[in-house]
Amino acid sequence: MHLAMSPRELLLETEACIAEISDSGPDTALPEFPLRAGRGNVVHVVALVAAVRRLSRQLLFADLLPAGSPKDGERSVWLSPDGSGKLVRLQLLLGRSLAERLGGDGLSAVVKRLRPMQLVYVAGRLQLEEPGEQCGKATPAAPTEVRKIREAQLSNGIVDMVAEQIRILEEVHLPSELSGSARQVGVKKELPPTAHAPDSGLPTLPLALPQRAVHVVTDLQGVELLENVLRERLSGSGDVDPHDGMASKESTVFTPLLPVMGVDAEWQPRTSHGLALFQMAFRRSVFLLDMVALTRQDPLRGRVAELIKEALEAEHLYKVGFNLEVDLQRLHAVLPETSCAVNLIDLRDLHAVALPNAPSKPLSLTGMVKEVFGLPLDKTCQVSDWQKRPLTPEQLDYAAQDAHVCVRLFDSLCYNHATVATQVLQPVLRGMVRTWPREKEPAIVRTADRRATEWDSVQQGW
1 MHLAMSPREL
11 LLETEACIAE
21 ISDSGPDTAL
31 PEFPLRAGRG
41 NVVHVVALVA
51 AVRRLSRQLL
61 FADLLPAGSP
71 KDGERSVWLS
81 PDGSGKLVRL
91 QLLLGRSLAE
101 RLGGDGLSAV
111 VKRLRPMQLV
121 YVAGRLQLEE
131 PGEQCGKATP
141 AAPTEVRKIR
151 EAQLSNGIVD
161 MVAEQIRILE
171 EVHLPSELSG
181 SARQVGVKKE
191 LPPTAHAPDS
201 GLPTLPLALP
211 QRAVHVVTDL
221 QGVELLENVL
231 RERLSGSGDV
241 DPHDGMASKE
251 STVFTPLLPV
261 MGVDAEWQPR
271 TSHGLALFQM
281 AFRRSVFLLD
291 MVALTRQDPL
301 RGRVAELIKE
311 ALEAEHLYKV
321 GFNLEVDLQR
331 LHAVLPETSC
341 AVNLIDLRDL
351 HAVALPNAPS
361 KPLSLTGMVK
371 EVFGLPLDKT
381 CQVSDWQKRP
391 LTPEQLDYAA
401 QDAHVCVRLF
411 DSLCYNHATV
421 ATQVLQPVLR
431 GMVRTWPREK
441 EPAIVRTADR
451 RATEWDSVQQ
461 GW
């Protein structure tokens, strides 16, 4: 017997994760993210809050974007649930349905707290006529009038999602004052959805954070801010707030996003030692540690070394980057206390697992960024003078982007691509995590002896 079922129905019936990973050429459109309902027609979304409109203490509308998107980016990136392939906006409604679960006071607290640039988990229902049909269930065809109602609902390009559960996963970390080491990066306005490299004029990927969420650490105030944020990351309280109204026993069990920290470093070009900047990036904030300034202050130097050491040795915090070992070697030469790092993930390993059918392996970070997000990085400042102070706004933006994009790549490869997103993540990642330093060779062979040994091997091979 043969069961005739369309690919769309099969994917929806099995609740498969759908992702477009093919290369359509240089004019490839923006990534598309499906609105996929699970059992009972409930849609589960991890998304970025792009805009908020409060109509009352217990009624709120919010525009949602896929996690990792720039706040001011194109909002019509969700695939319409009607299977037409049309791109639509996703609008979240917080109102009566959420009040039934949280109570009036609980709803008011969520409405008051929700703001742009937060990362949220939402479970809710799409406001569409005959929602059971969109899930590919074996139900009779909807009547003509029902189809007309649905077409009218989707005609404005907006799909409404009524929230039944919501959990704030990540906050934007803002300094209490904008002076000293917690100052904002640069004095420029928010970046447009598409930035341009100054020299080439070609579009590049913009930083997906507001400038006020990027902190330059040069003194005690900046170190204390980093310490507070790092404590949240290590304790897990920054991912799930027990007072957000979603920790009740009635809530559906949901695993928050895995704790992750992007790591990168900058140094003077064409040098074999030294470190000018060490970057630590989280989903909603980036810290640029000015190693030139911090290592000259003995009390701060020891405190910074302990903070970095604690982060690198944290068992449950994934440290992600591109060619991490080089950055860690430079860091260790400046701060010998940082002699060990665990739970390291090289993005090249994650890329190979998430995109096994990719035509080639990216040789650089900007190559991977272009493949995943469609735009390259602006590398203009890569070989600039990193020892000179003060650093320019362009240098600080470059450093923040290089570290934060590692977190964005981690989230995109883990949660938006079917080969990884449909599996339990921890076992998949466990197979690629590294430690540093790696096991050393039992004996050190002198250079001349090593060359002689290699030459003997070549002769034996012949």
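Those letters in the sequence shown? Residues 1 to 462, per UniProt numbering, in order.
Where a beta carbon is used, it is the ideal one built from N, C-alpha and C, also for glycine.
Keep in mind the model is a prediction, meaning the values are calculated, not measured.
A residue is called buried when at least 16 other Cβ atoms come within 10 angstroms of its Cβ; V383 does not meet this threshold and is exposed. Straight-line spacing of the CA atoms in V263 and V369 works out to 16 Å. DSSP places D290 inside the beta strand (DSSP E), whose first and last residues are 286 to 290. Annotation for V52: the continuous beta strand (DSSP E) segment containing it runs 42 to 56.
Within 10 angstroms of the beta-carbon of V326 lie fewer than 16 other beta-carbons, which makes it exposed. The way I'd put it, the stretch 394 to 402 doesn't touch the stretch 220 to 233; fewer than three beta-carbon pairs between them come closer than 8 Å.
The C-beta distance from P393 to L205 rounds to 18 Å, too long to fall under 8 Å, and the pair is not in contact. Contact check for L312 against R434 fails: the beta carbons are separated by 8 Å or more. The C-beta distance from V407 to F282 rounds to 7 Å, short enough to meet the 8 Å contact threshold.
Runs of the alpha helix (DSSP H) lying entirely within the stretch 377 to 424 and spanning at least 4 residues, in chain order: 393 to 415, 418 to 421. In terms of Cα proximity to Q221, the closest of A99, I168, R303 is R303.
Spanning the alpha carbons of L277 and A67 requires a straight line of approximately 27 Å. No residue range can be given for E315, since it is assigned to no beta strand (DSSP E) and is classified by DSSP as neither H nor E. For G124, the pairing in a beta bridge is given by DSSP as V43, A163.
The DSSP-derived three-state label of T435 is strand.
Beta-bridge annotation (DSSP): P116 is not paired with any residue. Note on geometry: alpha-carbon atoms of T380 and T366 lie some 12 Å from one another. Rounded to whole angstroms, the gap between the alpha carbons of A163 and A305 is 44 Å. With 16 or more other Cβ atoms inside 10 Å of its own Cβ, M291 counts as buried.
Per DSSP, the continuous beta strand (DSSP E) segment holding H215 begins and ends at 214 to 217.
Beyond the five residues adjoining it in sequence on each side, V420 comes within less than 7 Å, by CB distance, of V353, A354, L413, C414, V428 in the same chain, given in chain order.
By the C-beta density criterion, H316 is exposed, having fewer than 16 other C-beta atoms within 10 angstroms.
In the three-state reduction of the DSSP assignment, M368 falls in the helix class.
Residue state for A152 is assigned as helix, using DSSP reduced to three classes. Two segments are said to touch when three or more pairs of C-beta atoms, one from each, lie closer than 8 Å; by this definition the stretch 85 to 92 touches the stretch 154 to 161. Excluding residues up to 5 positions away in sequence, L64, V122 lie with their Cβ nearer than 7 Å to the Cβ of V45 in the same chain.
DSSP lists A51, Q91 as the beta-bridge partner residues of D63.
In this chain, the beta strand (DSSP E) harbouring D346 covers 341 to 346. When DSSP states are grouped into helix, strand and coil, L220 belongs to the helix group.
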